[in-house]
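J.:
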Amino acid sequence: MKTYSIAVIPGDGIGADVTDAAWSVLQVAARTCGFALNGTEFPWSCAFYKETGRMMPEDGIETLRAFDAILLGAVGWPAEVPDSVSLHGLLLPIRKAFVQYANIRPHRLLPGVQGPLRAEKFDILCIRENTEGEYSGAGGRVHQGTVDEVAVETSIFTRTGVERILRFGFEQARARRGRLASVTKSNAQKYSMVFWDEITAELSAEYPDVEVSSYHIDAMAARMVMAPESLDVVVASNLFGDILTDLGAAIQGGLGFAASANINPQRSAPSMFEPVHGSAPDIAALGIANPIAAIWSGAMMLDHLGEKDVAVRIIAAIEAATARGIGIFPGRDRTETITNGIIAALS
Ligand code: GGG
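Number 775 marks the last residue of the sequence shown (my numbering); no jumps.
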């Protein structure tokens, strides 16, 4: 039987709850479709950091390299470990080391979900650059603790990095409704963002079938609220994409519905799949986290692994469950109820 080896990193807080839920759904789906998922769980998290001084072992990246894919829950426990330490110790090194340069985040309303907007039909695919830009980690602080203290954080935009994410965006637009919105702030950031706009214009000549528009991030934020139905594929830098996709989650009814995939399009290393949401310490281990984003992310994992029919079935099961009112009201249904509702809809 075809078997995929999956590294499972539940992480912190509700990461464990939603990863368990996603894993149960994926196991049922795999069994009924004639393949197997062999999961290996890693306890890498803030608790691991407290014990060892590291978010993952020194050879963590090499350990993960052997897997077909990584399923991750959530990272962060700010009461005990600063978020800058946990993020730069686990999630960002994995994205960078495995060249997962395309972070794909779909935003649409699931059946039955009442979003905060009047618009009921929108289907936006946000693509966030995932390895450089504002999250490069280049910078430093000097004269700490004195009045002369200085903090510098440099965004790094390379031609390779910008070109490959834009090309990915063009390809996605070509495979969907043919519209690409490229997001910058090139009026204010006159080097990196003008560079991004120039590369967008250069590449557009290669994709005459794709209608390209350039937006400033502020205008895009307004458009996502006022006219989300006008958008198809949206491509943005690391920080801008991060912010826009929380907005995307909000308009689709909340972070409990926002899935994501960190893709290495060349497949030279494993890709990683995780809900957009964080660890939500306030509801950790209460059994009330919405697992839909994690389950949808798991479906994206199967799609990436080539099991497209099963991925479609899982999404259909999520839709069937939400259409029946399961998981659509924040905090009403328990994680287990939502998971079982989706499993029931699978069969
Ligand atoms: N589900 C992954 C997670 O914990 N995300 C929280 C977060 O803050 N992520 C930052 C990022 O996606 O760059």
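The beta-carbon is built from N, C-alpha and C at its ideal position, and this holds for glycine as well. Keep in mind that this is a model prediction, so the values were computed, not measured.
If I follow the unbroken alpha helix (DSSP H) through S512, where does it start and stop?
T.: Taking the first residue of the sequence shown as position 1, residue 512 is located at position 84. 511 to 514 is the extent of the alpha helix (DSSP H) around S512.
J.: I want to check one thing, is the minimum distance from the CB of H705 to the heavy atoms of ligand 1 below 8 Å?
T.: As a position in the sequence shown, residue 705 is number 277, starting the count at 1. Under cutoff, so the answer is yes.
J.: Where does F701 sit, in a helix, a strand or coil, going by DSSP?
T.: Your numbering for residue 701 matches position 273 in the sequence shown. It is a strand residue.
J.: Does DSSP put V453 in a helix, a strand or coil?
T.: Within the sequence shown, the letter at position 25 stands for residue 453. In the structure shown, V453 sits in a helix (DSSP, three-state: H, G or I).
J.: Taking 9 Å as the cut-off, decide whether the C-beta atoms of M700 and A497 are in contact.
T.: Numbered from its first residue, the sequence shown carries residue 700 at position 272. Numbered from its first residue, the sequence shown carries residue 497 at position 69. Yes.
J.: Could you give the first and the last residue of the continuous beta strand (DSSP E) run that contains G501?
T.: As a position in the sequence shown, residue 501 is number 73, starting the count at 1. That run of the beta strand (DSSP E) goes 497 to 502.
J.: Does the beta carbon of E639 fall short of 8 Å from some heavy atom of ligand 1?
T.: Residue numbering aside, residue 639 sits at position 211 when the sequence shown is read from its first letter. Every heavy atom of ligand 1 is 8 Å or more from the Cβ of E639, so no.
J.: Need the endpoints of the alpha helix (DSSP H) that S620 sits in, please.
T.: Reading the sequence shown from its first residue, position 192 is the one you call residue 620. Segment 620 to 632, the alpha helix (DSSP H) holding S620.
J.: Would V541 and A717 be called neighbours here (beta carbons separated by less than 9 Å)?
T.: One-based indexing of the sequence shown puts residue 541 at position 113. One-based indexing of the sequence shown puts residue 717 at position 289. No, the pair does not count as a contact, with Cβ atoms beyond the cut-off.
J.: What residue from C474, R533, V513 has the CA that sits closest to W505's CA?
T.: For this step, residue 505 is matched to residue 77 along the sequence shown. The shortest C-alpha separation from W505 is found at C474.
J.: How would you call F757, buried or exposed, if buried means at least 16 neighbouring beta carbons within 10 angstroms?
T.: Looking up residue 757 in the sequence shown gives position 329. By the 10 Å Cβ count, F757 comes out exposed.
J.: At least one CB of chain D closer than 9 Å to the CB of G669: is that the case?
T.: The structure shown contains no chain D; it holds only a single protein chain.
J.: In the DSSP assignment, find the unbroken beta strand (DSSP E) run with I562 in it and report its ends.
T.: As a position in the sequence shown, residue 562 is number 134, starting the count at 1. The sequence given here has Glu at residue 562, not Ile. Note, E562: beta strand (DSSP E), 561 to 570.
J.: Which value, in whole angstroms, describes the spacing of the CA atoms of P636 and I627?
T.: As a position in the sequence shown, residue 636 is number 208, starting the count at 1. As a position in the sequence shown, residue 627 is number 199, starting the count at 1. Their backbone Cα atoms lie some 15 Å apart in a straight line.
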